[in-house]
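Step one of this worksheet: look at the structure below.
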Amino acid sequence: MRSMFAKSIVLCGMILSSQCLTQELVEENGFIFEEHLVTTSDNYILRLFRIPGMQEGNDLNSTEYNAIQNKPPVLLQHGLVDSADSWLAHVSSKAPGFVLARSGYDVWFGNSRGNKYSLGTHVDINQKDYWAFSFEQMGDLDLPAVIDYILQVTKQQKLAYMGHSQGTSQMYYALAENENYFADKVSVFIALGPVIRLDHAPSKVFQFVSSNENRKLLIDTCNNLGINSIFEANWLTTDSMRLICGAIPQICEYALEFATDKDPSLDDVSRLQVFFGHYPSGSSVRQIDHYAQIVEAKEFRRYDYGESGNMQKYNQTVPPLIDITKISRVPIAMFVGNQDEAADAVDNEWAKTQLKTLAFYQEYALGHSSFFVAKDFSFFTTDVMNVLEKFHPANLTEPLGEPKLISQNEAPINL
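Anchor point for the sequence shown: position 129 equals 129 in UniProt numbering, and the numbering is continuous, going up by one each time.
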């Protein structure tokens, strides 16, 4: 029976979807896996994952754990062209999803519109209109739908929100535009690798795409070819990268250094195979364009439709600033990497001076991807958990130890 189960995991990783692998990975680590579908007000269908508790019969007292009442919910929201999978890419003792679950939290994983898990909609995904979104629509439409759903299911009044990269941009935008709604439902906003202004982001990818000439070339080329989505999950991206990272890990380290991480040696190279086996997961061309606009403008602004489009949308020729100084009710904790080439520390130090509700700010020797696969994960297991304990405490006096794995090997299982 054990042999058949192990074979099913291997087949799941090789033949079936990454979604199947995510479920197997969660269950392999002794937890219960759930999947939920949420429909937004503009009819996008978002797929949520949930870890509500532990399977019976592992080394932990799972009966006692699952009997804990009113587990506080935490929503984890991924970054640009990413998915919920990244929160589970590390070993069980460090992966944020598992750390939170063992600490007595009801863990929910969001998947933004347009990624591989949230392609469902009542609109044809082959139409350009389907892809007419950036982090603004995620903040305006996705977050309210997801948060309302989670609170309805859990019967809780508030949840803690934890975002990485794009997951922080959409919440900063949402709070700046509609804080009263979120303040009644979000106890704390934990921002990992926060992306607001991008004045100093040294990422070679960001700098190349954000020049006016290159950005125009990219958008014109995509329009002419009818390309509306970008960096989808397919054999050329996730499957090939998983194999390459396993055979020649230095290539994956170079990819990180080129794009987002100054010092890839800070990351656990053995987990890069898992990380790149799930990344990228797709998004819209407009999302990339919006970030390129922010880099070029050196300000955190709404999407630029051009002068005539801006007049129709905003009644002004330039897109409005997203004013984070308006945030006045939701506590914010910022975890910043000083080796992060996408969310530069200088830009976040500026944000630090603008935020009225900043409750925690710390810089670490981390790159942008390190927030998922760093060797030293104490920033999360100690500091993030301390912030949660202050603003959104679990009902567990002591975090539970790791469950007995069905397989004691924590090496990647998606081979």
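Where is the CB? At the ideal position from N, CA and C, for every residue including glycine. This one's a predicted model, so the numbers in the text were calculated from it and none came from an experiment.
How big is the Cα-Cα spacing for residue i and residue j?
| i | j | result |
| --- | --- | --- |
| Arg50 | Asp268 | 26 Å |
| Val295 | Ile288 | 11 Å |
| Thr357 | Ile147 | 21 Å |
| Gln156 | Asn70 | 7 Å |
| Pro264 | Gln316 | 43 Å |
| Phe335 | Asn43 | 33 Å |
| Gln127 | Val373 | 36 Å |
| Glu349 | Ala132 | 32 Å |
| Arg286 | Arg302 | 12 Å |
| Gln312 | Leu37 | 34 Å |
Going by alpha carbons, who is nearest to residue i out of the options?
| i | options | result |
| --- | --- | --- |
| Ile190 | Leu75, Ala343, Ala292 and Phe135 | Leu75 |
| Lys158 | Val384, Val330 and Met385 | Val330 |
| Pro320 | Ser328, Asp304 and Val91 | Asp304 |
| Asn386 | Gly139, His368, Tyr361 and Gly367 | Tyr361 |
| Gln77 | Thr325, Asn43, Gly163 and Ser370 | Gly163 |
| Thr154 | Asp142, Lys94 and Gly53 | Gly53 |
| Asp82 | Glu35, Arg113, Arg302 and Asn178 | Arg113 |
| Ile125 | Tyr314, Phe380, Ile45 and Glu34 | Ile45 |
| Glu299 | Tyr173, Asp383 and Thr221 | Tyr173 |
| Glu192 | Ala176, Ser92 and Gly167 | The amino acid at residue 192 is misidentified as Glu; the sequence shows Leu. Leu192 has its Cα closest to that of Gly167, out of Ala176, Ser92 and Gly167. |
| Asp347 | Met311, Asp199, Ala183 and Ala297 | Asp199 |
| Glu35 | Tyr314, Asn111 and Ala183 | Asn111 |
Is the beta carbon of residue i sitting closer than 8 Å to the one on residue j?
| i | j | result |
| --- | --- | --- |
| Ala351 | Arg197 | yes |
| Asn395 | Gly104 | yes |
| Ile324 | Gln354 | yes |
| Val188 | Ala342 | no |
| Trp87 | Pro96 | yes |
| Thr381 | Val99 | yes |
| Ile327 | Leu175 | yes |
| Ser134 | Arg47 | no |
| Asp106 | Thr22 | no |
With a 10 Å radius around its C-beta and 16 neighbouring C-beta atoms as the bar for buried, classify residue i as buried or exposed.
| i | result |
| --- | --- |
| Leu80 | buried |
| Gln137 | buried |
| Ile322 | buried |
| Lys116 | buried |
| Ser3 | The predicted position of Ser3 is uncertain, since its pLDDT is 37 and thus under 50; no value can be drawn from it. |
| Met171 | buried |
| Ser165 | buried |
| Lys94 | buried |
| Gly337 | buried |
| Ser41 | exposed |
Leaving aside the five residues before and after residue i along the sequence, list all residues of the same chain whose C-beta is less than 7 Å from its C-beta, in chain order.
| i | result |
| --- | --- |
| Pro144 | Tyr181 |
| Ile150 | Pro73, Leu75, Trp108 and Leu159 |
| Glu307 | Thr317 |
Going by beta carbon distance, what residues of the same chain come within less than 8 Å of residue i, once the five residues before and after it are set aside?
| i | result |
| --- | --- |
| Leu266 | Gln339, Ala365, Leu366, Gly367, Ser370, Ala374, Lys375 and Asp376 |
Counting only the same chain and skipping the five closest in sequence on each side, list residues whose C-beta sits under 6 Å from that of residue i.
| i | result |
| --- | --- |
| His392 | Pro72, Ala160, Ser187 and Val188 |
| Thr39 | Ile45 |
| Gly139 | Gln170, Tyr173 and Ala174 |
| Ala333 | Ile190, Ala359, Phe360 and Val387 |
| Phe33 | Gln23, Val26 and Glu27 |
| Arg314 | One point to set straight first is that residue 314 is Tyr, not Arg, in the sequence displayed. Contacts found: Pro320. |
For the ligand NAP, is there any heavy atom lying closer than 7 Å to the beta carbon of residue i?
| i | result |
| --- | --- |
| Met162 | As presented, the structure is devoid of all ligands, the ligand NAP included, so that no description of it is given. |
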